[in-house]
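When we follow the working numbering, the leftmost residue of the sequence shown carries the number 1, and every step to the right adds one.
Note that beta-carbon positions come from the ideal geometry of N, C-alpha and C, so glycine has one too.
First up is the structure itself, then whatever we jot down about it.
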Amino acid sequence: MNRRTKFGILMAFGVSTMLAGVALTQSVETSGQASGTATARGALEKNAPAAAASAEADASAKAEARARLDAIVQRGAKTSAKARAEAESKLHASAKQVDAHAATAGDQKIAERFAAEFGTSVEAVLVEKQSLGASWGELMIAHTLLANAGSEITIDQLFEMRQKGGWGVIAAGLGLRLGDVVSAAKAESRVALGLVRADGKVSAVRGSGAGAHGAVGAGVGAGASGVGASASTRVGVGVRLKP
C-alpha cells in the first residue's frame with residue numbers, strides 16, 4: 001500500500017470519526033432540550049391547579065370589593081338629594097379654596113402639611129396625588145373621609161366611587177353625617193391653608209358608618225394595597241374641630 005493510499009484512508013477515518021462526534025453531540029443536545037422542555041411542561045402542569053385557584057380567588061375578591069363599593073354608592077343615593085347637593089356644594093368650596101392656595105404655595109408645601117396631618121411621607125403624598133389624578137382639595141376631602149370610613153376602604157376605592165357619585169353620596173353611603181363631613185373638611189382645609197398646624201389627628205365625623213369615630217388618629221400610609229386609617233376612641237364626641 002502506497003503512501004497516498006494510506007493518507008486517504010486516514011483522512012476518511014478522521015472525517016468519519018468527526019461526523020460521528022458531531023452526530024453524538026447533536027443527539028445529546030436534542031435529548032437535553034427535549035428533557036428540559038418536558039420538565040418545564042411538567043412543572044407548569046403541576047402548578048396549573050394552584051395558579052387557576054389563585055386567579056379565581058383574585059377575581060372573586062375583586063368582584064366582592066366592586067359589589068361593596070356599589071352598595072355604598074347606592075345607599076348614599078337614597079339619602080336626601082337636597083342634603084347631598086348642599087354638602088357637595090360646601091365641600092367643593094373648601095376644595096376650591098385649597099386648590100387656589102396650592103397654586104401659590106406650591107405642591108411641596110401642601111404635601112408637607114398633608115404628610116404631617118395624615119401620617120404619611122411627603123413623597124407618598126406626591127405620588128398619591130399624581131397616581132390618582134386628584135387636585136389637592138379633592139385629596140383633602142378623600143383623606144378626611146378615609147380616616148372616618150374604617151380600614152376596609154382604600155383611597156383608591158374612594159376615588160373609584162367618586163366617578164359614580166359625588167362626595168356627598170359617598171359620605172352618606174358610608175353612614176357619615178353630611179353636616180359633620182362638611183365641618184371636618186373645612187377644619188382640614190385650615191391645615192392645608194397653613195392657618196392651623198397639623199397635629200396628625202384628622203377631624204372626626206359622627207355617624208353609623210364602619211369607622212365613624214370620635215377622635216381619629218391618622219396612621220395613614222400610601223401603598224399598592226391602598227391607604228388605611230386607625231381610630232383612637234369611639235363615637236360620641238362628635239366632630240373634633242381644629243382650633
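Q) Can valine 73 and isoleucine 170 be called in contact, C-beta distance under 9 angstroms? A) The residue labelled residue 73 in the question sits at position 73 within the sequence shown. The residue labelled residue 170 in the question sits at position 170 within the sequence shown. For valine 73 and isoleucine 170, yes; Cβs fall inside 9 angstroms.
Q.
Assuming the contact rule is C-beta atoms closer than 8 angstroms, valine 98 and serine 189 should be a hit. Round their C-beta distance to whole Å, please.
A. Position 98 of the sequence shown, counted from the start, is the residue given in the question as residue 98. Position 189 of the sequence shown, counted from the start, is the residue given in the question as residue 189. Indeed, because the Cβ distance is near 5 angstroms, the residues count as touching under 8 angstroms.
Q | Whole-angstrom distance between arginine 177 and lysine 82, CA atom to CA atom | A | To locate residue 82, count along the sequence shown from 1; it is residue 82. To locate residue 177, count along the sequence shown from 1; it is residue 177. Cα to Cα, the separation comes out at about 14 angstroms.
Q: Can you say whether serine 94 is buried or exposed, counting buried as having 16 or more other CB atoms within 10 angstroms of its CB?
A: Mapped onto the sequence shown, residue 94 falls at position 94. When all chains shown are included, serine 94 counts as buried.
Q | For glycine 207, the residue or residues it bridges with in DSSP | A | Residue 207 sits at position 207 when you count from the first residue of the sequence shown. In the DSSP assignment, glycine 207 forms a beta bridge with Leu176.
(Q) Given this structure, state the Cα-to-Cα distance separating alanine 147 from leucine 195, to the nearest angstrom. (A) Mapped onto the sequence shown, residue 147 falls at position 147. Mapped onto the sequence shown, residue 195 falls at position 195. Going by the C-alpha atoms only, they are around 21 angstroms apart.
Q) Looking at the unbroken alpha helix (DSSP H) that takes in lysine 82, where does it start and where does it end? A) Here residue 82 corresponds to residue number 82 of the sequence shown, with the count starting at 1. 81 to 105 is the span of the alpha helix (DSSP H), which, as asked, contains lysine 82.
Q | Selection from Leu139, Val191 and Ala77 that minimises the alpha carbon distance to glutamate 117 | A | As a working mapping, residue 117 is identified with position 117 in the sequence shown. For the residues Leu139, Val191 and Ala77, the minimum Cα distance to glutamate 117 belongs to Val191.
Q) Buried or exposed: arginine 206, going by 16 or more other Cβ atoms within 10 Å of its Cβ? A) Against the sequence shown, residue 206 aligns to sequence position 206. With 16 or more other Cβ atoms within 10 Å, it is buried.
Q. According to the neighbour-count rule (16 or more other Cβ atoms, all chains shown, within 10 Å of its Cβ), is valine 127 buried or exposed?
A. The sequence position of residue 127 within the sequence shown is 127, counting from 1. Exposed, since its Cβ has fewer than 16 Cβ neighbours within 10 Å.
Q) Rounded to a whole number of angstroms, what is the C-alpha to C-alpha distance between threonine 120 and glycine 106? A) Against the sequence shown, residue 120 aligns to sequence position 120. Against the sequence shown, residue 106 aligns to sequence position 106. Distance from the CA atom of threonine 120 to the CA atom of glycine 106, rounded to whole angstroms, is 19 angstroms.
Q. At a Cβ threshold of 9 angstroms, is alanine 192 touching chain C?
A. Checking the listed chains, one finds no chain C in this structure; it contains a single protein chain.
Q: Take the Cβ of glutamine 163 as the centre, count every other Cβ of all protein chains shown within 10 Å, and call the residue buried at 16 or more, exposed below.
A: The residue labelled residue 163 in the question sits at position 163 within the sequence shown. Its Cβ having fewer than 16 others within 10 Å, glutamine 163 is exposed.
Q) Out of Ser60, Met140 and Gln157, which has the shortest C-alpha to C-alpha gap to alanine 185? A) In the sequence shown, residue 185 corresponds to position 185, counting from 1. Checked all of Ser60, Met140 and Gln157; the closest Cα to alanine 185 is Met140.
(Q) What does the alpha-carbon distance come out to for the pair leucine 193 and alanine 124? (A) Residue numbering aside, residue 193 sits at position 193 when the sequence shown is read from its first letter. Residue numbering aside, residue 124 sits at position 124 when the sequence shown is read from its first letter. When rounded, the distance between both Cα atoms is 20 angstroms.
Q: May I have the straight-line CA-CA distance separating lysine 46 from alanine 52, to the nearest angstrom?
A: Reading the sequence shown from its first residue, position 46 is the one you call residue 46. Reading the sequence shown from its first residue, position 52 is the one you call residue 52. Looking at the two C-alpha atoms, the distance is approximately 11 angstroms.
Q: Use the C-beta contact count for alanine 172: other C-beta atoms within 10 angstroms, 16 or more gives buried, fewer gives exposed.
A: By one-based count along the sequence shown, residue 172 stands at place 172. Buried.
Q. Whose C-alpha, out of Ala115, Val122, Ile155 and Ala149, is nearest the C-alpha of alanine 134?
A. Mapped onto the sequence shown, residue 134 falls at position 134. The shortest Cα separation from alanine 134 among Ala115, Val122, Ile155 and Ala149 belongs to Ile155.
(Q) I'd like the list of long-range same chain contacts for leucine 132, defined as Cβ closer than 6 angstroms, with 5 residues on each side in sequence excluded. (A) Taking the sequence shown and counting its residues from 1, the one referred to as residue 132 is at position 132. Here the set comprises Phe159.
Q. Taking just the CA atoms, how far does alanine 85 sit from methionine 161?
A. Against the sequence shown, residue 161 aligns to sequence position 161. Against the sequence shown, residue 85 aligns to sequence position 85. Those two C-alpha atoms are separated by around 17 angstroms.
Q) Mind checking whether alanine 100 and isoleucine 110 have CB atoms under 9 angstroms apart? A) To locate residue 100, count along the sequence shown from 1; it is residue 100. To locate residue 110, count along the sequence shown from 1; it is residue 110. Cβ distance not < 9 angstroms, so alanine 100 and isoleucine 110 don't count as in contact.
(Q) Here's the rule: buried if 16 or more other CB atoms are within 10 angstroms of the residue's CB, otherwise exposed. What is glutamate 56? (A) As a first step, residue 56 is located in the sequence shown; it is residue number 56 there, counting from the start. That one is exposed.
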